[in-house]
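S.K.:
In the numbering used here, the protein residues as written are 9 to 669.
(1) Once the 5 residues before and after residue 656 are set aside, which same chain residues still bring their CB inside 8 Å of it?
(2) Of all the options 529, 436, 471, which has the alpha carbon lying nearest to the alpha carbon of residue 484?
(3) Report, in whole angstroms, the separation of the C-beta atoms of residue 466 and residue 487, which I expect to be a contact under 8 Å.
(4) At a cut of 8 Å, does the region 577-597 reach the region 545-556 through at least three beta carbon pairs?
(5) What separation, rounded to the nearest whole angstrom, lies between the Cα atoms of residue 314 and residue 344?
(6) Taking a contact to mean a Cβ-Cβ separation below 8 Å, would you say residue 148 touches residue 209 in this structure?
(7) Between which two residues does the beta strand (DSSP E) containing residue 376 stretch?
(8) Do you know how far the Cα of residue 355 is from the Cα of residue 3?
(9) My understanding is that residue 420 touches residue 404, with C-beta atoms under 8 Å, so please give their C-beta distance in whole angstroms.
(10) Under the criterion of a Cβ to heavy atom distance below 7 Å, does residue 526 qualify as lining the ligand MG?
(11) What do you reckon, are the CB atoms on residue 306 and residue 281 nearer than 8 Å?
(12) To the nearest angstrom, how far is the alpha carbon of residue 358 from that of residue 316?
(13) Have a look at residue 347 and residue 491 and give me their C-alpha separation to the nearest angstrom.
(14) Can you tell which of 199, 256, 131 has the C-alpha that lies nearest to the C-alpha of residue 179?
(15) Residue 202 and residue 252: beta carbons closer than 8 Å?
(16) According to DSSP, is residue 274 part of a helix, a strand, or is it coil?
(17) In its own chain, which residues sit with a C-beta less than 8 Å from the C-beta of residue 192, not counting the 5 before and 5 after it?
(18) Apart from the five residues just before and just after residue 670, which ones in its own chain have a Cβ nearer than 6 Å to its Cβ?
(19) For residue 433, does the three-state DSSP call read helix, strand or coil?
(20) For residue 162, which residues of its own chain have a beta-carbon under 6 Å away from its beta-carbon, when the five flanking residues on both sides are left out?
(21) Flag this pair as yes or no: are the beta carbons of residue 279 and residue 242 separated by less than 8 Å?
(22) Measure from the alpha carbon of residue 339 to the alpha carbon of each residue in 330, 350, 323, 295, then state which is nearest.
(23) Starting from the Cα of residue 376, find the closest Cα among 364, 262, 402, 412 and give me that residue.
(24) Roughly how far, in whole angstroms, is the beta-carbon of residue 166 from the beta-carbon of residue 130, given that I think they are within contact range, below 8 Å?
(25) Taking the alpha carbon of residue 107 as the reference point, which residue from 67, 288, 132 has its own alpha carbon closest?
(26) Could you tell me the distance, in whole angstroms, from the CA atom of residue 575 to the CA atom of residue 433?
(27) Reducing DSSP to helix, strand and coil, say where residue 169 ends up.
(28) Rank 462, 450, 65 by C-alpha distance to the C-alpha of residue 473 and give the top, closest one.
(29) Considering only residues of the region 396-475, which uninterrupted alpha helix (DSSP H) runs meet the minimum length of 4 residues and lie entirely inside it, listed in chain order?
(30) Could you work out which residue in 362, 636, 631 is closest to residue 597 when comparing CA atoms only?
(31) Considering Cα atoms alone, identify which of 297, 171, 207, 526 is closest to residue 240.
(32) Using the Cα positions of residue 591 and residue 625, report the straight-line distance between them to the nearest angstrom.
(33) Between the beta-carbon of residue 410 and the beta-carbon of residue 423, is there less than 8 Å?
(34) Go ahead and label residue 396 buried or exposed: buried means 16 or more other beta carbons lie within 10 angstroms of its beta carbon, across all protein chains shown.
(35) So, helix, strand or coil for residue 532, using DSSP?
(36) What residue from 457, 429, 553, 65 has the CA that sits closest to residue 533's CA?
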């Protein structure tokens with residue numbers, strides 16, 4: 009076994025390396041499992057005399073390489089591209105494998121501070137073939153910017169022949185005079201371009217520059233930089249372009265402006281400008297808008313209508329900002345997050361406006377800074393409950409993590425066709441009202457729900473398939489869900505009424521996840537006997553003891569079926585974590601009983617092969633660990649190798665041979 013790393017105590021660089029090792033370890037384990045499923049004999053390969061590096065066939069190697077390389081939109085594409093390049097230098101077979109796949113050379117990272125840029129770009133282009141290219145250009149050094157700009161010319165000449173295959177272009181530039189000159193070197197037409205990202209780094213952010221010498225260029229002390237994007241878009245190309253700008257604002261050519269379908273603007277400073285709303289209005293194909301810290305609201309006589317925007321996402325740590333000057337009559341998806349509830353009065357007004365003026369609204373997601381209400385916070389007369397209801401007839405997904413300032417609006421809200429409902433930090437009565445039309449509800453998640461102040465009736469949810477309750481006391485008493493498939497329950501101040509719920513609903517559960525539940529073994533066994541379709545069971549920090557496992561370990565004779573039957577005959581995965589009443593010997597007995605298939609072949613309903621994850625509240629002996637691992641893929645670790653680490657054992661960087669089997 010290798011060493012176990014405490015990622016919390018490592019430096020950021022070492023922690024990053026440790027996580028990469030973990031990722032490769034998991035990939036290796038998955039590759040080995042896939043080969044075993046395909047009948048690949050690892051022991052025979054080990055005895056065949058070949059070097060270890062040549063024992064893997066091309067398919068699992070390619071899977072590992074493709075996972076490391078990642079998709080084109082990956083944020084760490086520059087680093088992963090160089091990683092695959094270094095892997096190609098490990099041995100001849102890996103080199104041939106990687107060099108024969110143009111996909112691995114489709115990302116070209118151009119840092120204009122490097123030497124020998126032209127040979128590197130030529131090397132990549134020769135191997136990329138005709139693949140669509142992702143070009144990443146960085147020019148952030150303030151001390152040698154003039155020389156860097158000059159270095160772009162020979163690189164641009166080499167790239168010129170491939171510009172019709174540029175699919176993604178990322179530019180990270182220093183704030184200053186060279187931006188216009190930099191883009192002037194690009195061709196006017198990029199036919200295949202699908203994604204454009206431009207990020208400006210101020211001289212204040214440069215590691216080689218002192219703040220005192222560059223204060224006049226800091227974004228916090230200047231206007232929002234505006235520069236021209238000279239690209240043209242052929243009228244025959246109907247595919248939209250996604251653009252992202254960080255701490256800068258573009259000016260598009262008319263044909264390119266027509267093609268912009270997704271616009272992302274991220275600002276580190278709360279600017280005030282009227283040009284951004286006008287720019288958005290001039291993009292007639294814009295359907296997806298993402299604003300990270302929107303600039304301050306401009307002084308406009310009337311709101312600007314963005315009639316084609318269907319998806320709106322916004323991060324609002326400083327308030328609503330520019331969004332208050334916009335309207336979205338065709339909006340379907342709304343996502344607001346990082347809301348500062350102390351500055352959210354304008355946000356509530358905006359939500360009311362959207363709910364009343366956007367008839368196509370179908371998905372809503374609202375979350376803000378952490379806020380935990382007391383269980384006694386229930387709206388009173390001051391919440392204007394008697395106002396007219398606000399009905400959202402087409403909303404099918406509604407998610408909100410709320411605060412008291414939003415309670416009046418939520419009390420008026422009606423969701424007659426909602427299918428996915430996730431509520432957090434709400435009083436009990438508002439939660440009960442929002443779930444008052446359960447006909448279409450298929451997924452319900454409740455977190456931090458207040459105590460009920462009065463009695464509430466139980467209702468039947470005929471379509472409910474997934475239920476998650478996290479600190480939602482007594483709400484299970486209001487639910488009857490005969491079609492429930494997945495049930496997750498997290499700790500609550502009140503005991504879990506699981507037995508009455510199972511008796512009332514008779515659900516055909518496939519997955520049961522209980523955490524921090526206090527229930528006697530007799531009730532747990534009674535419930536499991538009535539859940540024969542269960543395929544996944546997780547018990548974490550529960551009061552369950554060895555008695556429940558002993559019931560799982562033995563086949564019982566059923567008079568009704570005239571045969572032996574197992575408790576949970578379809579169980580495929582079990583996770584037991586820190587349950588004080590469960591001991592390793594009983595777990596070993598359970599695993600042993602599940603593996604006595606030949607001897608019990610005459611018995612009916614033998615359970616399928618069960619996998620799992622185990623973590624005991626008390627250290628197990630090394631002999632117990634080895635015996636548990638001999639029964640299958642149970643990720644438990646030897647004593648004293650992880651007890652002092654806050655990292656969960658299944659995140660440990662220890663991966664033994666038995667873990668991979």
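Just so it is clear, CB atoms sit at the ideal spot from N, CA and C, and this is done for glycine as well.
M.R.: Reading it off the structure:
(1) Translated into the one-based positions of the chain shown, residue 656 becomes position 648. A caution first: residue 656 carries a pLDDT of 34, below 50, which makes its placement in the model too unreliable to give a value.
(2) Locating residue 484 in the chain shown gives position 476, where the first residue counts as 1. It is 436.
(3) To locate residue 466, count along the chain shown from 1; it is residue 458. To locate residue 487, count along the chain shown from 1; it is residue 479. Yes, residue 466 and residue 487 are in contact; Cβ-Cβ is about 7 Å, under 8 Å.
(4) yes
(5) Counting from one through the chain shown, the residue named residue 314 turns up at place 306. Counting from one through the chain shown, the residue named residue 344 turns up at place 336. The straight-line gap from Cα to Cα measures roughly 17 Å.
(6) As a working mapping, residue 148 is identified with position 140 in the chain shown. As a working mapping, residue 209 is identified with position 201 in the chain shown. For residue 148 and residue 209, yes; Cβs fall inside 8 Å.
(7) Counting from 1 along the chain shown, the entry for residue 376 is found at position 368. Where residue 376 is concerned, the enclosing beta strand (DSSP E) stretches over 371-376.
(8) Only positions 9 to 669 of the chain appear in the structure, and residue 3 is not among them; the question remains open.
(9) The sequence position of residue 420 within the chain shown is 412, counting from 1. The sequence position of residue 404 within the chain shown is 396, counting from 1. The pair is not a contact, with the Cβ atoms about 20 Å apart (cut-off 8 Å).
(10) No copy of the ligand MG appears in this structure; indeed no ligand is present at all.
(11) Translated into positions along the chain shown, residue 306 becomes position 298. Translated into positions along the chain shown, residue 281 becomes position 273. Contact: yes.
(12) In the chain shown, the residue the question calls residue 358 occupies position 350. In the chain shown, the residue the question calls residue 316 occupies position 308. Rounded to whole angstroms, residue 358 to residue 316 spans 18 Å at the Cα level.
(13) Reading the chain shown from its first residue, position 339 is the one you call residue 347. Reading the chain shown from its first residue, position 483 is the one you call residue 491. Rounded to whole angstroms, residue 347 to residue 491 spans 36 Å at the Cα level.
(14) Stepping through the chain shown from its first residue, residue 179 is reached at position 171. Answer by Cα proximity: 256.
(15) Position 194 of the chain shown, counted from the first residue, corresponds to residue 202. Position 244 of the chain shown, counted from the first residue, corresponds to residue 252. The answer is no: Cβ separation not under 8 Å.
(16) Working through the chain shown from its first residue, we reach residue 274 at position 266. If DSSP states are grouped into helix, strand and coil, residue 274 belongs with the strands.
(17) Numbered from its first residue, the chain shown carries residue 192 at position 184. Excluding positions up to five away in sequence, the list reads 238.
(18) One cannot answer for residue 670 here, as it falls past the ends of the chain, which runs 9 to 669.
(19) Numbered from 1 along the chain shown, position 425 holds the residue referred to as residue 433. Three-state DSSP puts residue 433 in a strand.
(20) Position 154 of the chain shown, counting from 1, holds the residue named residue 162. Closer than 6 Å at Cβ, skipping near neighbours: 126.
(21) The residue given as residue 279 occupies position 271 in the chain shown. The residue given as residue 242 occupies position 234 in the chain shown. Not in contact: residue 279 and residue 242 (Cβ atoms no closer than 8 Å).
(22) Here residue 339 is taken as the residue at index 331 of the chain shown, counted from 1. If we check each option's Cα against that of residue 339, 295 comes out closest.
(23) Within the chain shown, numbered from 1, the residue matching residue 376 stands at position 368. Out of 364, 262, 402, 412, 412 has the C-alpha closest to the C-alpha of residue 376.
(24) Residue mapping note: residue 166 aligns to position 158 of the chain shown, counting from 1. Residue mapping note: residue 130 aligns to position 122 of the chain shown, counting from 1. Indeed, because the Cβ distance is near 6 Å, the residues count as touching under 8 Å.
(25) Translated into positions along the chain shown, residue 107 becomes position 99. When only C-alpha atoms are compared, the closest one is 132.
(26) In the chain shown, residue 575 corresponds to position 567, counting from 1. In the chain shown, residue 433 corresponds to position 425, counting from 1. Their Cα atoms are separated by approximately 38 Å.
(27) Taking the first residue of the chain shown as position 1, residue 169 is located at position 161. Here residue 169 sits in helix by DSSP.
(28) Here residue 473 corresponds to residue number 465 of the chain shown, with the count starting at 1. Of the listed residues, the one whose Cα sits closest to residue 473 is 450.
(29) 415-420, 436-442
(30) Taking the first residue of the chain shown as position 1, residue 597 is located at position 589. With distances taken between Cα atoms, residue 597 lies closest to 636.
(31) One-based indexing of the chain shown puts residue 240 at position 232. For the residues 297, 171, 207, 526, the minimum Cα distance to residue 240 belongs to 171.
(32) The residue labelled residue 591 in the question sits at position 583 within the chain shown. The residue labelled residue 625 in the question sits at position 617 within the chain shown. Approximately 8 Å, taken between the alpha carbons.
(33) If you number the chain shown from 1, residue 410 lands on position 402. If you number the chain shown from 1, residue 423 lands on position 415. Not closer than 8 Å, so no.
(34) On the chain shown, residue 396 is found 388 positions in, with the first residue counted as 1. The residue is exposed, with fewer than 16 neighbouring Cβ atoms inside 10 Å.
(35) In the chain shown, residue 532 corresponds to position 524, counting from 1. The answer is helix: DSSP assigns residue 532 an H, G or I state.
(36) Taking the first residue of the chain shown as position 1, residue 533 is located at position 525. Comparing Cα-Cα distances from residue 533 to each of 457, 429, 553, 65, the minimum goes to 553.
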